[in-house]
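A.B. asks: Encoded as structure tokens, here's the structure I'll be asking about.
2 protein chains.
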Amino acid sequence: MANVTIKDVARAASVSVATVSRVLNGHDNVTEHVRDRVLSVARELRYTPHAAARSLSSRRTQALGVVLPDLHGEFFSELIRGIDQVARRHRLHLLLSSYHGDVEEQGTALQAMRGRVDGLLVMSPYTAASQSLEDARSLSQLPVVLINSQSGGAAGTVLGVDNHGGARAMVEYLVSGGHRRIAFIAGPEDNFDAHERLRGYRDALAELLPGTAEWILRGDFDEASGHRAGRELIAASERPDAVFAANDMMALGCMFAFLQAGIDVPGEIALAGFDDIPLAGYVHPGLSTMRVNIAELGSHATELLVAAIASKEPVTEPRRWLATELIVRESSGPPERRTSS
Amino acid sequence: MANVTIKDVARAASVSVATVSRVLNGHDNVTEHVRDRVLSVARELRYTPHAAARSLSSRRTQALGVVLPDLHGEFFSELIRGIDQVARRHRLHLLLSSYHGDVEEQGTALQAMRGRVDGLLVMSPYTAASQSLEDARSLSQLPVVLINSQSGGAAGTVLGVDNHGGARAMVEYLVSGGHRRIAFIAGPEDNFDAHERLRGYRDALAELLPGTAEWILRGDFDEASGHRAGRELIAASERPDAVFAANDMMALGCMFAFLQAGIDVPGEIALAGFDDIPLAGYVHPGLSTMRVNIAELGSHATELLVAAIASKEPVTEPRRWLATELIVRESSGPPERRTSS
DNA sequence: CTGAAAGCGCTTACAG
DNA sequence: CTGAAAGCGCTTACAG
Chain L
1 MANVTIKDVA RAASVSVATV SRVLNGHDNV TEHVRDRVLS VARELRYTPH
51 AAARSLSSRR TQALGVVLPD LHGEFFSELI RGIDQVARRH RLHLLLSSYH
101 GDVEEQGTAL QAMRGRVDGL LVMSPYTAAS QSLEDARSLS QLPVVLINSQ
151 SGGAAGTVLG VDNHGGARAM VEYLVSGGHR RIAFIAGPED NFDAHERLRG
201 YRDALAELLP GTAEWILRGD FDEASGHRAG RELIAASERP DAVFAANDMM
251 ALGCMFAFLQ AGIDVPGEIA LAGFDDIPLA GYVHPGLSTM RVNIAELGSH
301 ATELLVAAIA SKEPVTEPRR WLATELIVRE SSGPPERRTS S
Chain G
1 MANVTIKDVA RAASVSVATV SRVLNGHDNV TEHVRDRVLS VARELRYTPH
51 AAARSLSSRR TQALGVVLPD LHGEFFSELI RGIDQVARRH RLHLLLSSYH
101 GDVEEQGTAL QAMRGRVDGL LVMSPYTAAS QSLEDARSLS QLPVVLINSQ
151 SGGAAGTVLG VDNHGGARAM VEYLVSGGHR RIAFIAGPED NFDAHERLRG
201 YRDALAELLP GTAEWILRGD FDEASGHRAG RELIAASERP DAVFAANDMM
251 ALGCMFAFLQ AGIDVPGEIA LAGFDDIPLA GYVHPGLSTM RVNIAELGSH
301 ATELLVAAIA SKEPVTEPRR WLATELIVRE SSGPPERRTS S
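Sequences listed follow chains L and G, in order.
For the first sequence, counting from 1, position 299 maps to 299 in the UniProt record's numbering; every step adds exactly one.
For the second sequence, counting from 1, position 263 maps to 263 in the UniProt record's numbering; every step adds exactly one.
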């Protein structure tokens, strides 16, 4: 039983393939009578159009390409959920590709998207990957929206989280709570988000506590590095009165180090993170953090892309930042109200 | 600047399109000299093959369709990660589609896959969806591997977690710990996993504690329903000495209800879940549970599918179950060793 | 309103 | 080893 094609339907309905095509695509220049016949024959034959053939002649795939550095973890899960939400609303498929931090592979993935998708959503947080991205973009000839990436040049919209503003706001909050010796656990050096958060910490410190030395510890966004940083701080001759980690996982690692050492959080040292992962609300004490609405990031980016595809214009949207939200829990001191950055 | 096609490359390299095609597909019946010229011209022109055209004539898409009920949460994140892992090893793309619990949409999604993918990975935990699945499968004419689904008939491989065996093993473990009044918080009624876990609880109870009445509370897999069940149990005239929830989220909800009521876990009531989500290890007391290796489920399913596509035979693999693993933490009583189900 | 035909960009026997 | 040509299954001007 071979696959049934549009020809089979045409033959069975005694019309041309052009007519079948028109009916199936909902064109209105078809007689009611003929339309019904075609539709019922198509159903009877269990006909399903062949997407590749359709794409080839219509030059539309009804799909979006999503190229991410990784798929593991809640961040990507949320991002994909946001993307999926608007994609399905527009009846667009999602072609997913993760390049696992390999810049070469990112280029390959982008190229392989030609003829498969109508536009590209690309996240490239590695500061080094921007060139490859630029190449690939010109290669693919497709509308592109960049997510949380260093602007790779002129073309394409870039959408990201306001990491800089969020980090600044967190430092402001800690300072307003009376903290003065605020240590920062940084993220990976080649990561754009990490970079921006560090910059926010520095700028806020310079502005609010001029003359105070920066206090920066290395980290790489995972819990273990936060734990290490915490132990370093415990061993330091002078301890900070607050620790701000560039993300929640490191903040939690640091928190566990403190708790193991019998240090009271927030009594002796206040603690804050960034992201607001679910765990942040479950641990004890609850972790204060800057909430990033990842799903919204994904859905916004997708909206922009869909618009770009529809307009057929090269995307010239300005860079846009999504606000973060301060979430105050016990780890940073006495409870206060939420505010927005 | 229009997109460059294989014709442009052929012209620029002074060869036929057939030869360009051969070079690009790595066929060996091409002179070294010609090969090099074509390759360098292709690179120079930044040529990228058009996937739809290639798919149409080669009848291969190099892509796998993944149809899931939802994308939200860690389960799907892990599943996709496992799938992606083997897909990338075989250089296969992933077309993702979630039908959000809508059986109609599931059918539509499956149909839309024709001409886009070489095979289908489908998860359909809704017991009612099996008919639609069967329809769609015959429609799509593609190799299918079902994940955690009720066997929809003869065709297609079914791969799933051994929910029944895992639940049995958990009850056995609780009984061996001296517990006799074991309440069970069930999952959604139309969910296949939930169904199997409940069956495991029942079978184990009937076997190990004959004559003991089943003690089943309703739940729907989320934390709130676990919390509700916990409050019900607190209010009961007689309390259980152990509670086994059909998943971790409900177990955690139940745990919070107990802790709020000042009930000692596991002192007064032991508690166990199913899944081993990361939270299970972070809460205090740590939650005993049955670990399900979701990523492995995804990668196994994908291996089977890839094999099915390669063999071109209708898949007739028997139903397969992935073992679960008992993880003992504080919530179930004194620490013991891990064992496998 | 309907059909014949060209064309989308490839791959693959078939000759040579 | 290489090329001309048919064909994959659709869509879309172009006529009528």
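The C-beta atom is built at its ideal place from N, Cα and C for all residues, glycine as well.
Predicted, not measured: the structure shown is a model, and the values here were computed from it.
Could you give the distance in angstroms between the alpha-carbon of residue 217(G) and the alpha-carbon of residue 320(G)?
C.D. replies: So the alpha carbons of these two residues sit roughly 29 Å apart.
A.B. asks: Expressed to the nearest angstrom, what Euclidean distance is found between the alpha-carbon atoms of residue 418(G) and residue 264(G)?
C.D. replies: In the structure displayed, chain G extends from 1 to 341; residue 418(G) sits before or after that span and is not available.
A.B. asks: What does residue 6(G) pair with, by DSSP beta-bridge criteria?
C.D. replies: The partner list for residue 6(G) (beta bridge, DSSP) is empty, contrary to what the question assumes.
A.B. asks: Is any beta-carbon of chain L found at less than 8 Å from that of residue 93(G)?
C.D. replies: At least one chain L Cβ lies under 8 Å of residue 93(G).
A.B. asks: Measuring only the C-alpha atoms, how far is residue 19(L) from residue 144(L)?
C.D. replies: Spanning the two alpha carbons is a distance of roughly 35 Å.
A.B. asks: Against chain L, does residue 51(G) count as a neighbour if the rule is that its beta carbon must be under 8 Å from one of theirs?
C.D. replies: For residue 51(G), the answer is yes, since a Cβ of chain L falls inside 8 Å of its Cβ.
A.B. asks: Just to confirm my understanding: we take residue 339(L), look at its own chain, exclude 5 residues before and 5 after, and list those with CB closer than 6 Å. What are they?
C.D. replies: Reliability fails at residue 339(L), whose pLDDT of 45 lies under 50, so the model's placement of it is uncertain and the value that follows must be treated cautiously. Correct list, in chain order: 326.
A.B. asks: Taking C-beta pairs closer than 8 Å, name the residues in chain G that residue 84(L) reaches, listed in chain order.
C.D. replies: Per Cβ cutoff of 8 Å: 71, 96, 98.
A.B. asks: Can you list, in chain order, the residues of its chain whose CB lies under 6 Å from that of residue 55(L), leaving out five sequence neighbours each side?
C.D. replies: Counting only Cβ-Cβ distances below 6 Å, and skipping sequence neighbours, we find 61.
A.B. asks: Taking the alpha-carbon of residue 84(G) as reference, which of 165(L), 71(L), 91(L) has the nearest alpha-carbon?
C.D. replies: Minimum Cα distance to residue 84(G) is reached at 71(L).
A.B. asks: Using the Cβ count rule (16 or more neighbours within 10 Å means buried), how would you classify residue 195(G)?
C.D. replies: With 16 or more Cβ atoms within 10 Å of its Cβ, residue 195(G) is classed as buried.
A.B. asks: At a CB distance below 8 Å, what residues from the stretch 293-308 of chain L approach chain G? Give them in sequence order.
C.D. replies: So the list is empty, because no residue satisfies the distance condition.
A.B. asks: Assign residue 115(G) to one of three DSSP states: helix, strand, or coil.
C.D. replies: Note: residue 115(G) maps to coil in three-state DSSP.
A.B. asks: So which residues on chain L does residue 76(G) lean against when the C-beta distance must stay under 8 Å?
C.D. replies: Within 8 Å Cβ-Cβ: 77.
A.B. asks: With 8 Å as the limit, tell me which residues of the stretch 175-206 of chain L have their beta carbon closer than that to any beta carbon of chain G; keep them in chain order.
C.D. replies: Cβ contacts with chain G come from no residue of the stretch 175-206 of chain L.
A.B. asks: Select from 24(L), 239(L), 231(L), 267(L) the residue whose C-alpha is nearest the C-alpha of residue 253(L).
C.D. replies: It is 231(L).
A.B. asks: Does the count of Cβ pairs from the stretch 39-46 of chain G and the stretch 99-111 of chain G closer than 8 Å reach three?
C.D. replies: As far as the Cβ criterion goes, the stretch 39-46 of chain G does not touch the stretch 99-111 of chain G, which means the pair count is below three.
A.B. asks: What are the boundary residues of the beta strand (DSSP E) that includes residue 93(G)?
C.D. replies: Here the beta strand (DSSP E) through residue 93(G) covers 93-98.
A.B. asks: Would residue 186(L) pass as a contact of residue 219(L) if the rule is Cβ separation under 8 Å?
C.D. replies: The answer is yes: Cβ separation under 8 Å.
A.B. asks: Anyone know if the C-beta pair for residue 240(L) and residue 330(L) falls short of 8 Å?
C.D. replies: No, they are not a contact pair.
A.B. asks: So is residue 154(L) in contact with chain G if we call contact Cβ pairs under 8 Å?
C.D. replies: Note on residue 154(L): pLDDT 48, under 50, position unreliable in the model; no value is reported.
A.B. asks: With H, G and I counted as helix, E and B as strand and the rest as coil, what does DSSP make of residue 75(G)?
C.D. replies: Helix.
A.B. asks: Does the Cβ of residue 65(L) have 16 or more other Cβ atoms within 10 Å, making it buried, or fewer, making it exposed?
C.D. replies: Residue 65(L) should be labelled buried.
A.B. asks: Suppose you measure from the CA of residue 290(G) to the CA of residue 209(L); what does that come to, to the nearest Å?
C.D. replies: In a straight line, the C-alpha of residue 290(G) is about 51 Å away from that of residue 209(L).
A.B. asks: For the 8 Å Cβ check, are there 3 or more pairs between the stretch 77-92 of chain G and the stretch 293-310 of chain G?
C.D. replies: Yes: the two stretches touch, three or more of their Cβ pairs being nearer than 8 Å.
A.B. asks: So what does DSSP say about residue 230(L), is it helix, strand or coil?
C.D. replies: The answer is helix: DSSP assigns residue 230(L) an H, G or I state.
A.B. asks: Consider the C-beta atom of residue 302(L) and the heavy atoms of the ligand NAP; say whether any pair is separated by less than 7 Å.
C.D. replies: Among the components modelled here there is no ligand, and therefore nothing to report on the ligand NAP.
A.B. asks: From 212(L), 148(L), 200(L), 10(L), pick the residue whose C-alpha is nearest to that of residue 342(L); which is it?
C.D. replies: The requested residue 342(L) is not part of the displayed model; chain L covers only 1 to 341.
A.B. asks: For residue 387(L), report the span of its beta strand (DSSP E) as first-last.
C.D. replies: Residue 387(L) lies beyond the range of chain L shown here (1 to 341); nothing can be said about it.
A.B. asks: Go ahead and label residue 335(G) buried or exposed: buried means 16 or more other beta carbons lie within 10 angstroms of its beta carbon, across all protein chains shown.
C.D. replies: Per-residue confidence for residue 335(G) stands at a pLDDT of 48, beneath the threshold of 50, marking its modelled position as unreliable; the derived number appears in the next sentence. So residue 335(G) ends up on the exposed side.
A.B. asks: Using the three-state DSSP reduction, which class does residue 36(L) fall into: helix, strand or coil?
C.D. replies: The answer is helix: DSSP assigns residue 36(L) an H, G or I state.
A.B. asks: Between the stretch 220-254 of chain G and chain L, which residues of the former have CB atoms less than 7 Å from a CB of the latter, in chain order?
C.D. replies: Answer set for the stretch 220-254 of chain G: empty.
A.B. asks: Please determine, among 53(G), 238(G), 68(G), the residue with the shortest C-alpha to C-alpha distance to residue 181(G).
C.D. replies: The shortest C-alpha separation from residue 181(G) is found at 238(G).
A.B. asks: Less than 8 Å between the C-beta atoms of residue 244(L) and residue 174(L), yes or no?
C.D. replies: Their beta carbons are under 8 Å apart, which means residue 244(L) touches residue 174(L) by this criterion.
A.B. asks: Can you tell me whether residue 142(L) is helix, strand or coil according to DSSP?
C.D. replies: Here residue 142(L) sits in coil by DSSP.
A.B. asks: Are the beta-carbon atoms belonging to residue 99(G) and residue 125(G) less than 8 Å from one another?
C.D. replies: Not closer than 8 Å, so no.
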